[in-house]
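First to last, the sequence lines map onto chains A and B. Mapping the first sequence onto the numbering used here, position 156 (from 1) lands on 156, and the numbers just tick up by one. Mapping the second sequence onto the numbering used here, position 95 (from 1) lands on 95, and the numbers just tick up by one.
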Amino acid sequence: MDIPALELAALSKSFGQLTAVDGIDLTIQRGEVVALLGPNGAGKSTTIDLALGLAHPTSGTARLFGGDPRAAILAGRVGAMLQGGALLPTTTVRQSIALVAAAHRAPLSIDEALDRAGIRDLAKQRVSKLSGGQLQRARFAIAVVSNPDLLILDEPTAAMDVESRREFWHSMREFTAEGRTVVFATHYLDEADSFADRIVILNSGRIVADGTPAEVKSVVSGRSIRFAVDAGEADAATSALSRLGGIRSLEQRASRFTLVSDDSDATLRSVLHLVPTAHDIEITAHTMDDAFLALTTSAATSTDTVTVGA
Amino acid sequence: MPFRYIALESLRQLRNLPSLVFTFVVPLMMLLIFGSLYGGSGQQEATTGLPWLVVTTVQMASYGGMMAALSQAFAITTERSVGWNRQLRVTPLSGIGYLVSKVSAALLVALLTVTMLCLVSMVVLGARMDASHWILSIISIWIGVIPFALIAVAIGQFAKPQFAQPLFTVVFLGMSVLGGLWIPLAVMPSWVISIAQTVPSYWLNKLGQIGAHGTGDALTPIMVLAIWTAALAVLITWRYRRDAARQ
């Protein structure tokens, strides 16, 4: 196996009492497109800062291409769109890109960076006059100007409307088609689902799920079956249901039960056989949002049970 | 050293010239007022034998150069607050490279200010001195401005945007008064004169006067200014490395 593009080992970062990143192990191979998904405050931005060597870990290590992050930056192998990392408001887009390019050792031409971001028409525009979406794409041009092998993007499509988001991911596709590695933080599930080949879900500074979009979705795949029994029959129902096979989970609250099953038809037949008095039956399908919610709400206490894939 | 970056950065600051008009106007006014006050009758300064007009010109050129350099602090605070420095940290630009780019930008603007003030003194007030003495004087002031360029970077790096202005005011007032750039130190109480010996603006003016005179002990001012420069450079590069982390 090649040396991984990014390797985080037992990485932790505390700010006083607050532990922003709490023991993250993550290896990303070259050519992977990985989404870091998580709610605000999950530790995504801090993880990115640590990976880039912008912040020093409290413990653990971050390596890029097998070495110190700074070495990878010096070699021009890493490009980044940071949160709060911006262009200079008083310059034009071209001037800002030219400044960053001049700080690199073997940059692309300014025109090529503009083309990759699809913003050649904005070159002479003053940065302070850009819309939110245009600004993000100008920042993308800055991130790619060193012609990096690894792109790290912190919420690249924040402040973009639907149309510019689509165009942005189109530029990104061209970039990844050349076999480069992309790690992007987002809290848009659909983005992670459609653009990443791997989704890493963070919550409270920990990885709570790591797998392909399909695997992550399958954590709560199948359907939920909810039903109630009469108050006096709850215990009998519980023991009857213990013989039920092929279900993912069973939850009981007083006389209400929730089952999760990959084959809801078969499970429902069995349930009706075992608990004939079941009533108020509901069957619902899960979505990516459910997967996300399930993982990020329960995860802090039950990390191991929800980690999927490899 | 990233020369391309340093050149672009310096040129960028030159494009901001309109904002520097205000730092230029005050020394210009003071030069015109004090220059015609002292200079008209051609008196000479007792210890150096230089015409008072030249002494005043060097004083005001030092003040103008210092202000041009110090006012770079505002651009730096703004750049930091929009996250520009964070973006730069993801480039090979080192703390030293960053420092050199900022200092050379400040020096370029300062050189322009100092030269302009000397020209005004020559053309408008009729100050006369050998061309070589003018050049030596301008170069001396220019070198003396280096620590102020570093002070500007330090203010820019440490002060939050809302504190940059008051901090700048305290620094430039203190430096102007204590360094004898506004009022000759001779009229000050002795304790002020002893404090003055520790501030770089005193030695900036001193170096300019020595340059104009063409003789004198230039080593002491250069040493003091070099110590200021070295101490500030250490502080700034240390800060640049720490600064990238999100707050």
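Even glycine gets a Cβ: it sits at the ideal position worked out from N, Cα and C.
The straight-line gap separating the alpha-carbon atoms of Thr113/B and Ser121/B is approximately 12 Å. Residue contact check for Gly23/A against chain B: no CB pair falls below 9 Å.
Counting along the chain, no beta strand (DSSP E) covers Asp235/A; the unbroken alpha helix (DSSP H) around it starts and ends at Ala234 to Leu241.
Leu202/A has a beta carbon lying at 9 Å or more from every beta carbon in chain B. Under the criterion of beta carbons closer than 8 Å, Ala73/B and Asn16/B do not qualify as touching, at roughly 13 Å. Using a Cβ distance threshold of 9 Å, Leu74/A and Leu8/B do not count as a contacting pair.
Its Cα nearest to that of Ile183/B, the residue Met60/B stands out among Thr23/B, Ala226/B and Met60/B.
Judged by DSSP secondary structure, Gln252/A falls within the beta strand (DSSP E) whose first and last residues are Ile247 to Arg253. Going by C-alpha positions, Ser194/B is about 16 Å away from Leu204/B.
Leu153/A is not a Cβ neighbour of Ala51/A, given a cutoff of 9 Å.
For Glu45/B, the three-state secondary structure derived from DSSP is coil. Interface annotation for the region 95-123 of chain A against chain B: Gln95, Ala98, Leu99, Val100, Ala102, Ala103, His104 and Arg105, criterion Cβ-Cβ distance under 8 Å.
Within chain A, Leu99, Ala102 and Ala103 have C-beta atoms less than 8 Å from the C-beta of Tyr5/B, given in sequence order. With respect to Arg12/B, Gln125/A sits apart: the two C-beta atoms are not nearer than 9 Å. The C-beta of Thr169/B comes no closer than 9 Å to any C-beta of chain A. If you draw a straight line from the Cα of Glu163/A to the Cα of Ala141/A, it is about 18 Å long. Burial check for Ile227/B: the Cβ neighbour count within 10 Å stays below 16, so the residue is exposed. Contacts between Pro89/A and chain B, judged by CB atoms closer than 7 Å, involve Val82 in chain order. If you look at Arg198/A, you'll find it in the beta strand (DSSP E) that goes Arg198 to Asn203. DSSP places Met188/B in no beta strand (DSSP E); its state is neither H nor E. Contact of Ala80/A with chain B by beta-carbon distance below 7 Å involves Val90.
Within 10 angstroms of the beta-carbon of His56/A lie fewer than 16 other beta-carbons, which makes it exposed. For the region 6-23 of chain B, the residues whose beta carbon sits under 9 Å from a beta carbon of chain A are, in order, Ile6, Ala7, Leu8, Glu9, Arg12, Arg15 and Asn16.
For Gly205/A, none of the residues of chain B pass the 8 Å Cβ criterion, the least Cβ distance being about 15 Å. When DSSP states are grouped into helix, strand and coil, Pro51/B belongs to the strand group. For Ile119/A, the three-state secondary structure derived from DSSP is coil. When beta bridges are read from the DSSP output, Val34/A appears opposite Val183/A and Arg198/A. The secondary-structure analysis by DSSP pairs Arg80/B with nothing; it has no beta-bridge partner. Each of Tyr98/B, Leu108/B, Leu117/B and Ala231/B was checked against the Cα of Gly35/B, and the nearest Cα belongs to Leu117/B. Boundaries of the beta strand (DSSP E) harbouring Glu7/A: Leu6 to Phe15, taken from the DSSP string. Here Leu122/A is not near Arg63/A, since their CB atoms are 9 Å or more apart.
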